[in-house]
Amino acid sequence: RMRAAMPPDEVSYSSAIYGCANARPPDAAEAERLFRAMRAEDLRPTASTLSALTTALGSSRRDELCASLGVDVQKAMRAAAQEPRRHRKVAPAAQDRELWRER
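So for the sequence shown, UniProt numbering puts the first residue at 1; every next one is plus one.
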């Protein structure tokens with residue numbers, strides 16, 4: 001139901017894969033299933049996705065999986081390094097609290 005209203009994006013998949021990687025024990029099968037679903041939707045993995053995938057699967061299995069799905073790990077990591085970092089904007093209420101603390 002939620003999928004129709006808000007389809008998953010790269011961040012959604014990366015977060016879910018990260019959850020699989022940090023489960024005890026790591027859920028490698030689910031991480032791989034999620035990564036395959038991400039690629040089936042033609043979404044490109046981010047450096048965070050690949051890092052989480054490495055934690056869940058190990059670098060050898062990550063490389064095999066990526067190669068089978070047409071993902072060049074090194075190219076994806078280089079592209080991520082070249083993207084500008086996103087900065088969060090602070091909510092107005094938080095700005096007010098910070099100003100109050102400075103006084």
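For glycine and all other residues, C-beta sits at the position ideal for the given N, C-alpha and C.
What is the rounded straight-line gap between the Cα of residue i and the Cα of residue j?
i: A80; j: L53; result: 15 Å
i: A16; j: R78; result: 23 Å
i: L43; j: G58; result: 21 Å
i: E10; j: S60; result: 22 Å
i: R39; j: A23; result: 22 Å
i: P8; j: L50; result: 17 Å
i: K75; j: A5; result: 32 Å
i: D72; j: C66; result: 7 Å
i: E41; j: A28; result: 20 Å
So, under 8 Å CB-CB, residue i and residue j are touching, yes? Tell me the CB distance rounded to an integer number of Å.
i: T46; j: S14; result: 6 Å
i: residue 105; j: T55; result: Outside the modelled stretch of the chain, which goes from 1 to 103, sits residue 105, for which no answer is possible.
i: R36; j: L69; result: 7 Å
Using DSSP with H/G/I as helix, E/B as strand and the rest coil, what is residue i?
i: E41; result: coil
i: L69; result: coil
i: T46; result: coil
i: R33; result: helix
i: E83; result: coil
Only counting the same chain, and skipping five residues up and downstream in sequence, which positions put a Cβ closer than 7 Å to that of residue i?
i: E30; result: C20
i: D63; result: V73
Within the same chain, show all residues whose beta-carbon is closer than 6 Å to that of residue i, passing over the 5 residues directly before and after it, in chain order.
i: Y18; result: A52
i: S48; result: S14
i: Q82; result: none
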